[in-house]
Amino acid sequence: MNLRQLFLQHVAQTSTAPLALEIVKAEGCTLYDASGREYIDLIGGISVANVGHRHPAVLEAVRAQLDAYLHVMVYGEFVQSPQVRYAEALVQTLPAPLRSVYFTNSGAEAVEGAMKLAKRVTGRTGIIAFQNSYHGSTQGALSIIGSEYWRNAYRPLLPGVQHLVYNDFASIDRITTDTACVVAETVQAEAGVLPPSREWLQALRARCTQTGTLLVLDEIQAGFGRTGRLWGFEHFDVVPDVLLLGKALGGGMPLGAFVASKELMDHFTDGPVLGHITTFGGHPVCCAAGLAAFSALQSEGMITDVARKAELFRTLLVHPAIRSVAHFGLWMAVRFESFDVCKAVIDRCIARGVLSDWFLFASDCLRISPPLTISEAEIEAAATIILESI
Ligand SMILES: Cc1ncc(COP(=O)(O)O)c(C=O)c1O
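Numbering (our numbering), first residue to last: 3 to 392.
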């Protein structure tokens, strides 16, 4: 059997039609397959490769950490400099009271930790999430996914979860003194890049404060410069009680985190002790990689260029078949008449050397979330191929 056949046979599958490209190398904004074909990467691992694939500083940090130590002890026991330095760097960019970072292996685990923290802090059990939101695949995260199609197959899930309409003022009244937390994406990703109005997010914040409910903002896709600012919530003048991070956090290595005040986070230390633990969360190699990527993101002007690059994409992507282009920073959903049209365009793009996909709750939209390092020439080449494919 060749590698593709072995992949289909022995690697668990998540769809009946995987892309099954055999990638042998990735560099910057380009992927290379086994037949020598190149692809401009408009997916970026779904907002993981914000600083580009294999950023030299990330590789150097990983190598240095490999020479020091790999895994030594479960999270929270030893003083491990990559964790400490990365937590310090993150909180330096965050407003008070976000001062304490709990590192996990993945985004979904950050979601789980945040929901546990909210229950523990408030003594309440109600959780509010939003329609068309995606927060991960574990049972807790799945309980708050904003689609009955995905929830229903796995019931029973967490009790006490309500799904409200995102960006809808009437929904906010459903948050009460029984609500432990509201979990919302700062910008709804899989709904097709949908930002809320500033007024709505501020009203949500105010209602959470009024009812003693924790506001948990999921920036697992929206964070790390994707929106044109380091953090998505900076656009709206709100500060969450808990911030969820993942994807680009690890610079290409697996890493998630939830960030809260030290006062809130200390609830995990007692009654019961070890309130939330992990063997591999905050792995030193992942933290070293993440810190290097985070430094490069800020020091190399990548975020400054987001608006200009996004504008270039938008001016180029004009065609009668394109119904709309939803966007927020270098993050776009190009809408077609139907899923079938969108899928046909994506397939042709891939055949011509541009990698894209669609969104979970907006399957008629083509995804644009490339590394923020994408060059103007690459944007022009990618847009030309998308238009040709249409
Ligand atoms: C907004 C959002 N939250 C949470 C997650 C879950 O992250 P992970 O796949 O690392 O568990 C994802 C993953 O796509 C996501 O996009």
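By construction, the Cβ of each residue, glycine as well, lies at the ideal position given by its N, Cα and C atoms. No experiment lies behind these values; they were computed from the predicted model shown.
| Item | Value |
| --- | --- |
| Beta-carbon proximity of leucine 389 to leucine 44, cut-off 9 Å | no |
| Opposing strand residues paired with aspartate 43 [DSSP bridges] | Leu357 |
| Buried versus exposed call for glutamine 15 [16 or more other C-beta atoms within 10 Å across all chains shown] | exposed |
| contact_flag[the segment 114–123, the segment 273–284] where n(CB pairs < 8 Å) is 3 or more | yes |
| Chain-order list of residues whose beta-carbon lies under 8 Å from that of isoleucine 305 (same chain, five-residue window excluded) | Gly227, Gly230, Arg231, Leu232, Leu299 and Leu374 |
| Buried versus exposed call for glutamine 11 [16 or more other C-beta atoms within 10 Å across all chains shown] | exposed |
| C-alpha distance - glutamine 85 paired with aspartate 220, whole-angstrom precision | 21 Å |
| Coil, strand or helix - phenylalanine 238 by DSSP | coil |
| 8 Å Cβ shell around valine 167 - same chain, five flanking residues per side excluded | Phe132, Gln133 and Ser173 |
| Residues surrounding ligand 1 [beta-carbon distance to nearest heavy atom under 7 Å] | Ile48, Ser108, Gly109, Ala110, Glu111, Val113, Tyr136, His137, Gly138, Ser139, Ala143, Glu187, Ala191, Glu192, Asp220, Ile222, Gln223, Leu246, Gly248, Lys249 and Gly258 |
| Cβ-based burial, histidine 73 [other Cβ within 10 Å; buried from 16] | exposed |
| Beta-carbon proximity check, cysteine 2 vs leucine 332, cutoff 9 Å | Residue 2 is absent from the structure shown; the chain starts at 3 and stops at 392. |
| DSSP-derived helix/strand/coil call for phenylalanine 260 | strand |
| Extent of the continuous alpha helix (DSSP H) run through cysteine 210 | 200–213 |
| Option nearest glycine 78 by Cα separation, candidates Lys121, Phe270, Ala383 and Pro322 | Phe270 |
| Methionine 117 in three-state terms, based on DSSP | helix |
| N- and C-terminal bounds of the beta strand (DSSP E) containing leucine 219 | 216–220 |
| Spatial distance of lysine 311 from aspartate 243 (CA atoms) | 32 Å |
| Three-state secondary structure assigned by DSSP to cysteine 183 | strand |
| Nearest-angstrom beta carbon gap, isoleucine 376 and tryptophan 360 [assumed within contact, 8 Å] | With a Cβ gap of about 20 Å, tryptophan 360 and isoleucine 376 do not count as contacting. |
| Burial state of phenylalanine 330, where buried means 16 or more other Cβ atoms lie within 10 Å | buried |
| Helix, strand or coil at leucine 319 according to DSSP, with G and I counted as helix | coil |
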